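Working notes for the structure below.
Residue numbers (this note's numbering): 1 to 600.
Structural data, given as structure tokens:
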């Protein structure tokens, strides 16, 4: 058993692309966690999607052994965390299981929005923080200026910040020494009843559910009967072990250590992330505080393209939910798309990743409806209902008022692009709260309605700032708004999958755009098709798809004109009848293209 004073649990936090995963690679390499043959770039990013996009989505844990300069051997439990705002929940879980953090800042880019958000989370968890300046070997690096920036913006003492280049390996030994000497060791009692924090869980086809835990008190051994405190379910432990990054089984996990166990768990619902695991016979008296469950921000419907795959989709969502506790789903049905699920996500990138994982890992073909947020409706009978799906909106006469969620957004942007960023925020009904400068970079704080941000705000922000702006947000309550439901009618029938809730001032522009887009996407029929956008019974935009014309007079050569007239009248009658009974099939591709609309 390793002495507690020789264990260090720490996570690596930073903004996107500041070099967290590369630093993790170097630490693993220096501690001999993997042989040279097994080493590859971003060794902890195991999913194909992570490697292709070059981002971390799932936090990963590794146990390393490090022999310090004082001759002592230490056990380091490292957690590599994602940097993107949509995966902030992964970061919060890791921080709850550690005592210290390495704050990585790019020596050329400086402090970004997500750097701030992650540091404040670490400070809330009472972490000891070591600032690390990465990429100091780049010609554009300005370590001295960035040190000042860390002190001004975050308020951390950066005089002893460690200069490294994670790519070349420069300064990595100093990082390891700092971890050993500056970060606190965990506390725990091996004789007390077992208390372990459930950090993460995922599904393995051979072992069932694998659960990642941080042991606080007590010892976890194979053969023990454990109990989940929130659900009360009991399981016998099959095996325990750690990742080095390879899976390695051990005889026991002791206080202060981070590792995994399997217990033949089949039911996904029994593994609540943040739950406390204890022993059945000697149960702990009170559960650990855990961490706040995540609150989904963006909702959209996921439907199988082939209705027969509904059950497969249900199972796949269950397995993914196990691996990613921050996403939720419930069944729903739609007249246009059949049976599917209403899913909640932490943001648009999260939605995109989940959709891509379902298509890749489970070979599903999916249709996604327009993303929407949760609105609060106050009804005339005094009750308040939450609206997730615009298609379910009740009659306007029964609604007293509607409230929409607002966020507080922090945007860091170079001075040059400040004007276009302010214009973008104002267009999206934003209210400016604060504008400060750090060197030649502006830090803008805005209040924005979430439904304006959900669609394509992030993409637009990146394009108006040439990619230099960084953006982070937190929820900031609900406010009453002039909101209306924009319905789309094709040939007089409403298409519920395309209805959205928009602000009254933007409704007409959004409606015109949607109609003109659908006009190009819906194939022509033998009769005229009207595409209309309406608020209630009032049509605010319309496009007409002209009919395909069959030449019925081709066989008339000369002769009396009344013969042609007769044939044309007959055709006209037929078209009229066809229009009454004909129904317009909207292709799946048209749904997706219409939803990806941006106001170009």
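Ideal placement from N, C-alpha and C gives every residue a C-beta, glycine not left out.
Just so we're clear, the structure is a prediction, and the values are computed from it rather than from any experiment.
Hey, could you find the ends of the alpha helix (DSSP H) residue 482 is sitting in?
Residue numbering aside, residue 482 sits at position 482 when the chain shown is read from its first letter. Residue 482 -> no alpha helix (DSSP H), and no H or E assigned at all.
Comparing alpha-carbon positions, which option in 77, 101, 26 lies nearest residue 119?
Here the question's residue 119 lines up with position 119 in the chain shown. The shortest Cα separation from residue 119 among 77, 101, 26 belongs to 101.
Give, in chain order, every unbroken run of the alpha helix (DSSP H) that is at least 4 residues long and sits entirely within the stretch 486 to 537.
504 to 521
Here's the rule: buried if 16 or more other CB atoms are within 10 angstroms of the residue's CB, otherwise exposed. What is residue 77?
Stepping through the chain shown from its first residue, residue 77 is reached at position 77. The residue is buried, with at least 16 neighbouring Cβ atoms inside 10 Å.
Would you tell me roughly how many angstroms separate the C-alpha atoms of residue 256 and residue 212, rounded to the nearest one?
Position 256 of the chain shown, counted from the start, is the residue given in the question as residue 256. Position 212 of the chain shown, counted from the start, is the residue given in the question as residue 212. Distance between the alpha carbons of residue 256 and residue 212 is about 13 Å.
When the Cβ atoms of the stretch 436 to 446 are set against those of the stretch 406 to 422, are three or more pairs found closer than 8 Å?
yes
Ordered list of beta strand (DSSP E) runs contained in the stretch 316 to 373, each at least 3 residues
328 to 334, 338 to 345, 366 to 368
If residue 12 and residue 80 are in contact, beta carbons under 8 Å, what's the gap, nearest whole angstrom?
Translated into positions along the chain shown, residue 12 becomes position 12. Translated into positions along the chain shown, residue 80 becomes position 80. That pair is a contact at about 6 Å.
Between the stretch 177 to 184 and the stretch 108 to 118, are three or more C-beta pairs nearer than 8 Å?
no
Taking the alpha-carbon positions, what's the residue 330 to residue 230 distance?
For the purposes of this step, residue 330 is taken as residue 330 along the chain shown, with counting starting at 1. For the purposes of this step, residue 230 is taken as residue 230 along the chain shown, with counting starting at 1. Roughly 21 Å between the two C-alpha positions.
Is it buried or exposed for residue 391, if we count other Cβ within 10 angstroms and need 16 for buried?
Here residue 391 refers to the residue found at position 391 of the chain shown. Its Cβ being crowded by 16 or more others within 10 Å, residue 391 is buried.
Pick helix, strand or coil for residue 45, following the three-state DSSP scheme.
Within the chain shown, numbered from 1, the residue matching residue 45 stands at position 45. In this prediction, residue 45 has a pLDDT of 49, which is less than 50 and means its spatial position is unreliable; what the coordinates show is noted afterwards. Three-state DSSP puts residue 45 in coil, outside helix and strand.
Just to confirm my understanding: we take residue 319, look at its own chain, exclude 5 residues before and 5 after, and list those with CB closer than 6 Å. What are they?
As a first step, residue 319 must be located in the chain shown, where it is residue number 319. Around residue 319: 203.
Which partner residues of residue 225 appear in the DSSP bridge assignment?
In the chain shown, counting from the first residue as 1, residue 225 sits at position 225. Paired residue(s): 236.
Just to confirm before moving on: does the CB-CB distance between residue 146 and residue 110 stay below 8 Å?
Within the chain shown, residue 146 is the residue found at index 146, counting from 1. Within the chain shown, residue 110 is the residue found at index 110, counting from 1. Closer than 8 Å, so yes.
Could you pull the start and end residues of the beta strand (DSSP E) that residue 109 belongs to?
In the chain shown, the residue the question calls residue 109 occupies position 109. That residue, residue 109, is in no beta strand (DSSP E); it is neither H nor E in DSSP.
Start and end residues, beta strand (DSSP E) containing residue 211
Translated into the one-based positions of the chain shown, residue 211 becomes position 211. Segment 208 to 217, the beta strand (DSSP E) holding residue 211.
Inspect the beta-carbon positions of residue 417 and residue 468 and report whether they are closer than 8 Å.
Translated into the one-based positions of the chain shown, residue 417 becomes position 417. Translated into the one-based positions of the chain shown, residue 468 becomes position 468. It is a contact, given that the beta carbons lie within the stated cut-off.
Run of the alpha helix (DSSP H) containing residue 143, from where it starts to where it stops
For the purposes of this step, residue 143 is taken as residue 143 along the chain shown, with counting starting at 1. Its alpha helix (DSSP H) spans residues 143 to 149.
Using the rule of at least 16 other Cβ atoms within 10 Å of the residue's Cβ for burial, across every protein chain shown, is residue 225 buried or exposed?
Walking along the chain shown from the start, residue 225 turns up at place 225. Per the 10 Å Cβ criterion, exposed.
What is the C-beta distance between residue 296 and residue 346, in whole angstroms, given that I count them as a contact (C-beta under 8 Å)?
Indexing the chain shown from 1 puts residue 296 at position 296. Indexing the chain shown from 1 puts residue 346 at position 346. Residue 296 to residue 346, Cβ: 6 Å. Contact.
Residues bridged to residue 75 [DSSP beta-bridge criterion]
In the chain shown, residue 75 corresponds to position 75, counting from 1. Note: residue 75 sits in a beta bridge opposite 7, 65.
Excluding sequence positions up to five away, which residues of its chain have a Cβ less than 8 Å from the Cβ of residue 31?
Along the chain shown, one-based indexing puts residue 31 at 31. Correct list, in chain order: 64, 65, 66, 76, 176.
May I ask you to list the residues that DSSP assigns as paired with residue 437?
Locating residue 437 in the chain shown gives position 437, counting from the first residue. DSSP output for residue 437 lists 442 as bridge partner(s).
Checking the sheet assignment: what are the DSSP bridge partners for residue 432?
Taking the first residue of the chain shown as position 1, residue 432 is located at position 432. 446.
Just how far apart, CA to CA, sit residue 45 and residue 316?
The residue you call residue 45 lines up with position 45 of the chain shown. The residue you call residue 316 lines up with position 316 of the chain shown. Residue confidence for residue 45 is low, a pLDDT of 49 falling below 50, so the modelled location carries little weight; the figure read from the coordinates is stated next. Taking the straight line joining both Cα atoms gives about 21 Å.
Using 8 Å as the Cβ pair cut-off and three pairs as the minimum, do the stretch 367 to 378 and the stretch 275 to 286 touch?
no
For residue 158, which residues of its own chain have a beta-carbon under 7 Å away from its beta-carbon, when the five flanking residues on both sides are left out?
If you number the chain shown from 1, residue 158 lands on position 158. Cβ within range, chain order: 131, 147, 150, 151.
Extent of the continuous beta strand (DSSP E) to which residue 421 belongs
The residue given as residue 421 occupies position 421 in the chain shown. First-last for residue 421: 418 to 427, but that is the alpha helix (DSSP H), not the beta strand (DSSP E).
Are the Cβ atoms of residue 99 and residue 183 separated by less than 8 Å?
Taking the first residue of the chain shown as position 1, residue 99 is located at position 99. Taking the first residue of the chain shown as position 1, residue 183 is located at position 183. Closer than 8 Å, so yes.
CA-to-CA distance, residue 128 to residue 161, given in whole angstroms
To locate residue 161, count along the chain shown from 1; it is residue 161. To locate residue 128, count along the chain shown from 1; it is residue 128. Using only the alpha carbons, I get a separation of about 13 Å.
For residue 648, the nearest candidate out of 215, 384, 285, 264 (CA to CA):
Nothing about residue 648 can be reported from this structure: the residues present for the chain run from 1 to 600 only.
Work out the CA separation of residue 328 and residue 518 for me, nearest whole Å.
On the chain shown, position 518 is the one that residue 518 refers to. On the chain shown, position 328 is the one that residue 328 refers to. Whole-angstrom Cα-Cα distance: 31 Å.
Presumed contact (8 Å Cβ cut-off) between residue 604 and residue 192, rounded CB distance
The question about residue 604 has no answer, for the chain in this structure spans 1 to 600.
Taking DSSP's pairing of strands, which residues face residue 128 in a bridge?
For this step, residue 128 is matched to residue 128 along the chain shown. In DSSP, residue 128 forms a bridge with 100.
Please report how far the alpha carbon of residue 14 lies from the alpha carbon of residue 493, in whole angstroms.
One-based indexing of the chain shown puts residue 14 at position 14. One-based indexing of the chain shown puts residue 493 at position 493. Using only the alpha carbons, I get a separation of about 50 Å.
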